[in-house]
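Counted the way mature numbering (1 follows the signal peptide of the UniProt record, and there is no 0) counts, the sequence shown spans residues -23 to -1, 1 to 765.
Where a beta carbon is used, it is the ideal one built from N, C-alpha and C, also for glycine.
Values in this document were obtained by computation on a predicted structure and should not be read as measured data.
Written out below as structure tokens is the structure these notes cover.
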Amino acid sequence: MEDCSSTTVSITLLFCIFLFCVSENSIVAAAGDIIRANQILGDGSTLVSSGGHFELGFINIGTSTNRYVGIWYKMIPEKTTVWIANREAPLNTTSGLLKLTSNGNLVILSGSDDVVWSSNSSTTVNNCVVQLLDSGNLVIRDEDDSDPGNYLWQSFDIPGNTQLPGAKLGWNLETGLERYLSSWKSADDPSPGEYTHHIDRDGFPQYMLRNGSAIVSRGGSWNGVRFSGTALNPDPIFNYDFVSNDKELYFGYHASVVMRRILTPFGYIQRWVWIEKSQNWELYISYPQDDCDRYRSCGAYSSCNIHSSPECKCLNKFQPKEKKEWDVADWSSGCARKVPLTCVNGKGFVKYPGLKLPDTQRSWFDKNMSLDECKRMCLKNCSCTAYANTDIRGRGSGCLLWFNELIDIRDQKDYGQDLYIRMAASELDEANKGRSKLRFISIPILLTVTIMCVCLWVIRNKKKSAEGITRLYSENDGGTGMGDEDLELPLFDFTTLATATNGFSKYSMLGEGGFGPVYKGMLEEGKEIAVKRLSKDSRQGLKEFKNEVSSIAKLQHRNLVKLLGCSVQEGERMLVYEYMPNKSLDSFIFDKKRSDLLDWPTRYNIIIGTARGLLYLHQDSRLRIIHRDLKASNVLLDLEMNPKISDFGTAKICGETETGASTTSVVGTYGYMSPEYVMDGMFSLKSDVYSFGVLLLEIVTGKRNRNFIHMNHNHNLLGHAWIIYTDGNVLDLVDEDRPTMATVVLMLTSEIPLPQPKQPGFFFERKLEEGVSSSVSSNYCSVTITPR
């Protein structure tokens, strides 16, 4: 329980800590290379890989007395741990057990048979086995599967602080799984520390080292040979690959010797090699190496050279922004152009060779364009500040554009690459000016006139597109008043959105729901957007598309996501929204690591903002709107973690005097839908209030209402909270027990005493056939069901 009176809110909830117990009979398995279903591995026994290189069992770390299930090198006398299962849940006893359950879930049990760690890998496969491979990868697989590499679960997907040869660091773009390194807290404590090592896919993918959310060092983007900020080179004992396609984005390596990459508790990425002759681990390389590897140490438009004095220098054509600070070796303010750049005078580029390319988090790229095409693309966009090749192999290929200040540049002549920075015409070299003048004189007049005509035509059509107003439909919409008026909404053409999202690449995909995928994009002027692209077989058809446009096109509230436009070309239906950098609320509250970023004031502000947004829909907007699918994944978070309600495809527009209606087609998400809506198809403003109540409880507890598990009952989170509150007293639920959104906002922002709550709807987590007659989704997917 948390006392929040100091924040003018009095919300009191009592929760108990529960244990998930395993009480079935077990069979003890002997040490070997396979554990089958219902077999256990006890403390003192080990599992050995088929080739004998690795061993798994219960271990201590450093001087700690805690017990962990880990993997180490078997043939190396100095016990070196490469993976730990229960790094966040150590055992304080030597009576622990490792068990594979009958449904394919690998669990660690305490001496009292409590589950302290789980692989969360439940499956319907009948013959699951656990095997430790000679690569150091612990896998669960189907023993009957002819493909030995078809794993149901693998430890390489959660690598801890170590990347072994053959393991992938990066993304599975089809499932959204990210594999990244996280440091230990100390040599004696393997729980997650401050540092993480990622392949970051915001903009053009690059190599990142972070302390919490802050970037410590940036290895740069992949240029076809290496990460542009590193001296990474293949050699006789070390080779690597970087895979980037629609399915995967990852870095991996292979070695002819015993080698491991680790992230230390102090934030260094190190490569160690085992030397058999000396029987020691030898440090092969460590990163960051020097001050120039420190993120943005020299500020904007400045390059760092560790061998020069001072080590930070402004790029040619730039000067210190704060001269006094630079004179005392404080370079953080960076540099500025000597001649300010405008769209009119920015007519060319200066080439800067041998550089680590700038930070690409806010960049745009196309791997199929030539360098000349890239130059023209940048030149016609006033917001474009620089361009470069994405791949330096051969003569170079691909296009990479920047739209903001150029930061974190390093001077590395031996293995850097060329960067072309936009400049004012007066700053271009005299030779370039002379050649440009000569070329201009030699152009035939007819060609000049033709080019001018084409430019005028492009400008005219671009202006029309920017000012375009589309009337999406004119048919009657059921009396809401929206069908007979024009919707003044910008219309985007298909090509613009395809270009902005890199051809709807999986790199750009933010997520996917029942309606189809959502992509991050960047328009030519540098504005970031989110594009919701309805798939051909989406449950959200033309009716829902029109409904979403109608519902939100003219809504203006800081807690509603802003619709910027739409597209209906090429047989597509797309909605263009403002981009939310922190994505959706569910990605925070249900993620064990990211939820730590949500302190109580942040959670409180999210609750308040969501309530105000819902109040606006119910009471203050021009038309009453019932959202009908309010849930954690439909609350987006901007850069400052402000909530914005999204996804109005199933919303219902009511008249000024209407507060509800009935339907034979129930839409929404099971776990958030009110009882009267699921059972009888009755929905009202208070249907949203019920959903908000579920959402509030999830925000406070960090647990999902659906899929909530407790050893003593079958209730969902609402039922569990009620049991805790009432200690077993059962009261009937009536619809009026839910307050209006105005009352919710008042309760959250004042010190009035709260009324005693009553039993929530859907107290018991019934089987689906008891409540609905068709399939429903899990907590994060929208569904369409028909009540009986």
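*Measure from the alpha carbon of Trp308 to the alpha carbon of each residue in Trp148, Phe492 and Asn282, then state which is nearest.*
Asn282
*Per DSSP, Leu607 is paired with what?*
Paired residues: none, contrary to the question.
*Return yes when at least one heavy atom of the ligand SAM lies under 7 Å from the C-beta of Lys301, else no.*
With respect to the ligand SAM, the structure shown offers nothing to examine, as it has no ligands at all.
*Are Asn97 and Pro67 touching if we call contact CB-CB under 8 Å?*
Not in contact: Asn97 and Pro67 (Cβ atoms no closer than 8 Å).
*Would you report the Cα separation of Glu120 and Ala277, rounded to the nearest angstrom?*
56 Å
*Host alpha helix (DSSP H) of Ser664 (start-end)*: Counting along the chain, the alpha helix (DSSP H) containing Ser664 begins and ends at Leu662 to Thr678.
*When we look at the beta-carbon of Thr70 and count the other beta-carbons within 10 Å, is it buried (16 or more) or exposed?*
exposed
_Once the 5 residues before and after Met486 are set aside, which same chain residues still bring their CB inside 6 Å of it?_
Result list for Met486: Pro494 and Tyr496, in chain order.
*Please report how far the alpha carbon of Val316 lies from the alpha carbon of Gly331, in whole angstroms.*
C-alpha of Val316 to C-alpha of Gly331: approximately 24 Å in a straight line.
*Should Leu474 and Met551 be called a contact, given that it needs their Cβ atoms to be closer than 8 Å?*
yes
_Three-state class that DSSP yields for Arg293 in the structure shown_ = Looking at the sequence itself, residue 293 is Asn, so the reference to Arg does not match. Coil at Asn293, not helix or strand.
_Extent of the continuous alpha helix (DSSP H) run through Lys51_ = Counting along the chain, Lys51 falls outside any alpha helix (DSSP H), and DSSP gives it neither H nor E.
*Which first and last residues belong to the alpha helix (DSSP H) in which Ile585 is found?*
Trp577 to Leu592
*Is it right to say Lys145 is buried, meaning 16 or more other beta carbons lie within 10 angstroms of its own, or is it exposed?*
buried
*Based on the DSSP output, what are the partners of Asp119 in its beta bridges?*
Cys105
*Any chance you could list the alpha helix (DSSP H) runs of at least 4 consecutive residues sitting entirely within the stretch 497 to 570, in chain order?*
519 to 529 and 563 to 566
_Beta bridge counterpart(s) of Gln256 as assigned by DSSP_ = Its beta-bridge partners do not exist; DSSP assigns none.
_Within the stretch 146 to 227, ranges of the beta strand (DSSP E) (whole runs, at least 3 residues)_ = 146 to 149, 154 to 156, 158 to 163, 166 to 177, 183 to 188, 191 to 198 and 215 to 221
*C-alpha distance - Leu334 paired with Gly393, whole-angstrom precision*: For the pair Leu334 and Gly393, the Cα-to-Cα distance works out to about 8 Å.
*asked:* Using only CA atoms, which one of Val106, Arg273, Pro287 and Glu32 lies nearest to Arg118?
replied: For the residues Val106, Arg273, Pro287 and Glu32, the minimum Cα distance to Arg118 belongs to Val106.
_Supposed contact pair Ser310 and Leu292 - C-beta distance, whole angstroms, cut 8 Å_ = Their Cβ separation, rounded to whole angstroms, is 15 Å, which puts Leu292 and Ser310 out of contact at 8 Å.
*Proximity to Val102 [Cα-Cα], best of Arg271, Ala14 and Ile603*: That would be Ala14, whose Cα lies nearest to the Cα of Val102.
_Suppose contacts are defined by Cβ-Cβ distances below 8 Å. Is Ser205 in contact with Asp111 by that definition?_
In this structure, the beta-carbon distance from Ser205 to Asp111 does not fall below 8 Å.
*Figure out for me which residue from Thr207, Ala208 and Gly229 has the closest Cα to the Cα of Asn216.*
The candidate whose alpha carbon is nearest that of Asn216 is Gly229.
_I need the DSSP call for Val93, collapsed to helix, strand or coil._
strand
*When the Cα of Gly626 is compared with those of Gly696, Leu594, Gly542 and Glu525, which residue comes out closest?*
Closest option to Gly626, Cα to Cα, is Glu525.
*Since Val92 and Leu86 are thought to touch, with beta carbons under 8 Å apart, how far apart are those beta carbons, to the nearest angstrom?*
By a beta-carbon distance limit of 8 Å, Val92 contacts Leu86. Their separation comes to about 6 Å.
*At least three beta-carbon pairs within less than 8 Å, the stretch 55 to 62 to the stretch 180 to 187*: No, because fewer than three Cβ pairs between the stretch 55 to 62 and the stretch 180 to 187 fall closer than 8 Å, the two stretches do not touch.
*Assigned exposure category for Phe243 - 16 Cβ within 10 Å defines buried*: exposed
*asked:* Given this structure, state the Cα-to-Cα distance separating Asp223 from Ser668, to the nearest angstrom.
replied: 36 Å
*State the Cα-Cα distance for the pair Ser(-1) and Ser89, rounded to the nearest angstrom.*
Because Ser(-1) sits at a pLDDT of 29, beneath the cut-off of 50, its placement in the model cannot be relied upon, and the point is left open.
*In the DSSP assignment, find the beta strand (DSSP E) that holds Tyr128 and state where it starts and stops.*
Tyr128 to Gln131
*Helix, strand or coil: which one does DSSP assign to Tyr230?*
strand
*Excluding five sequence neighbours on each side, which residues of the same chain lie with their C-beta closer than 7 Å to the C-beta of Lys441?*
Here the model assigns Lys441 a pLDDT of 44, short of 50, so the residue's position is not dependable, and the following value carries that caveat. Excluding residues within five positions, none has a Cβ falling inside 7 Å.
*What first and last residue would you give for the beta strand (DSSP E) that runs through Cys376?*
For Cys376, the enclosing beta strand (DSSP E) stretches over residues Cys376 to Trp379.
*alpha helix (DSSP H) segment containing Trp308, residue limits*: Counting along the chain, Trp308 falls outside any alpha helix (DSSP H), and DSSP gives it neither H nor E.
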